[in-house]
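Numbering (my numbering), first residue to last: 6 to 305.
Ideal Cβ placement from N, Cα and C applies to all residues, glycine included.
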């Protein structure tokens with residue numbers, strides 16, 4: 006899929022952010038992963054971002070990320086498959102090439118972690134990764150890897166396959182500057198944890214869509230919220246926030262990292278044995294799983 010085609014596909018539709026299941030021996034469990042994706046496949050989304058933040062990319066080896074991409078490609082049909090990509094610049098370039106060879110359509114460039122860097126250094130990393138692959142690249146503005154609107158505008162002019170900007174900082178001022186300055190040159194994707202909590206504000210800042218983690222276990226609810234947001238139905242959005250998303254956030258906020266752990270628990274409660282989360286994350290307690298089960302109730 007060409008970067009331009011991918012950019013148009015993801016411009017407004019909801020993006021799925023699947024979990025990565027592990028077996029009892031702490032290995033990637035492809036059969037569970039594919040069964041879960043096949044179940045989700047009955048619902049319409051713009052694409053899959055596998056081995057991303059919700060998919061624990063930060064705890065996967067590069068070879069495991071490639072395995073995840075290959076498994077997703079087997080069951081994704083004509084839906085685009087994007088994958089998390091990151092770490093140091095050389096590792097990110099090599100991984101991007103391996104993801105492309107495995108059948109990936111694009112990458113979400115996650116932060117380089119740990120060390121800080123000036124704007125030009127962060128931009129140099131983006132340039133290098135974009136040059137290393139023919140796939141579309143979405144820059145994830147988060148953590149140690151943040152860019153100003155001016156830097157992003159420069160990168161967009163230099164890198165034709167830079168197709169998207171995903172924000173996980175909550176800095177609405179920067180988001181609005183980016184969307185105002187770059188217009189339709191990029192696709193804009195919300196990337197806050199449980200982004201539905203922030204979606205209305207982000208839409209007002211020019212970011213119309215997002216990746217949904219709860220789509221993993223309540224896909225109909227996730228799509229209903231996205232539809233209401235797209236239609237400007239604030240009353241429906243606020244009802245779902247009160248009934249589901251804010252109560253979910255109360256569980257999520259009980260421990261750091263539960264933004265991933267609670268999603269994985271939800272997938273297991275739906276009948277897909279996604280297993281544990283890898284350290285440094287911890288799994289929900291039995292009491293918390295019961296709370297989540299009660300919240301899910303009859304939701305789909």
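Check                                                                                                                                                                                     : Outcome
Could you name the residues of the same chain whose beta carbon sits closer than 7 Å to that of residue 158, not counting the 5 residues immediately before and after it, in chain order? : 186, 187
Per DSSP, what kind of secondary structure is residue 182 in: helix, strand or coil?                                                                                                      : helix
Quick test of your reading: residue 119 and residue 89, contact by CB under 8 Å. State the CB separation rounded to the nearest angstrom.                                                 : Incorrect: roughly 17 Å between the Cβ atoms, too far for contact.
Looking at the unbroken beta strand (DSSP E) that takes in residue 171, where does it start and where does it end?                                                                        : 167 to 172
From which residue to which residue does the beta strand (DSSP E) around residue 88 run?                                                                                                  : 86 to 90
Given a cut-off of 8 Å, decide if residue 268 and residue 293 are closer than it, judged by their beta-carbon atoms.                                                                      : no
Mind pulling the alpha helix (DSSP H) runs of 4 or more residues that sit fully within the segment 180 to 233?                                                                            : 204 to 209
I need the DSSP call for residue 48, collapsed to helix, strand or coil.                                                                                                                  : coil
How about the segment 56 to 64 and the segment 294 to 304: do they share at least three Cβ pairs that are nearer than 8 Å?                                                                : no
Spell out a yes or no on whether the segment 32 to 43 and the segment 234 to 247 are touching, meaning 3 or more CB-CB pairs, one atom from each, closer than 8 Å.                        : no
Taking the beta carbon of residue 290 as the centre, do at least 16 other beta carbons fall within 10 Å, making it buried, or is it exposed?                                              : exposed
Taking the CB atoms as reference points, tell me whether residue 14 and residue 52 lie closer together than 8 Å.                                                                          : yes
Are residue 27 and residue 280 touching if we call contact CB-CB under 8 Å?                                                                                                               : yes
Quick one: grab the DSSP three-state call for residue 132.                                                                                                                                : helix
With distances taken between CB atoms, is the gap from residue 177 to residue 206 smaller than 8 Å?                                                                                       : yes
Can you find the residues in the same chain that come closer than 8 Å, C-beta to C-beta, to residue 2, ignoring five residues on each side of it along the sequence?                      : Outside the modelled stretch of the chain, which goes from 6 to 305, sits residue 2, for which no answer is possible.
Going by the beta-carbon positions, is the gap between residue 226 and residue 194 smaller than 8 Å?                                                                                      : no
Leaving out five residues on either side along the sequence, give the residues of the same chain with a beta carbon under 6 Å from the beta carbon of residue 72.                         : 33
How about residue 86 and residue 110: are their beta carbons less than 8 Å apart?                                                                                                         : yes
I need the straight-line Cα distance from residue 104 to residue 171, nearest angstrom please.                                                                                            : 19 Å
Measuring alpha carbon to alpha carbon, tell me which of 134, 220, 285 ends up nearest residue 18.                                                                                        : 220
Are residue 212 and residue 184 touching if we call contact CB-CB under 8 Å?                                                                                                              : yes
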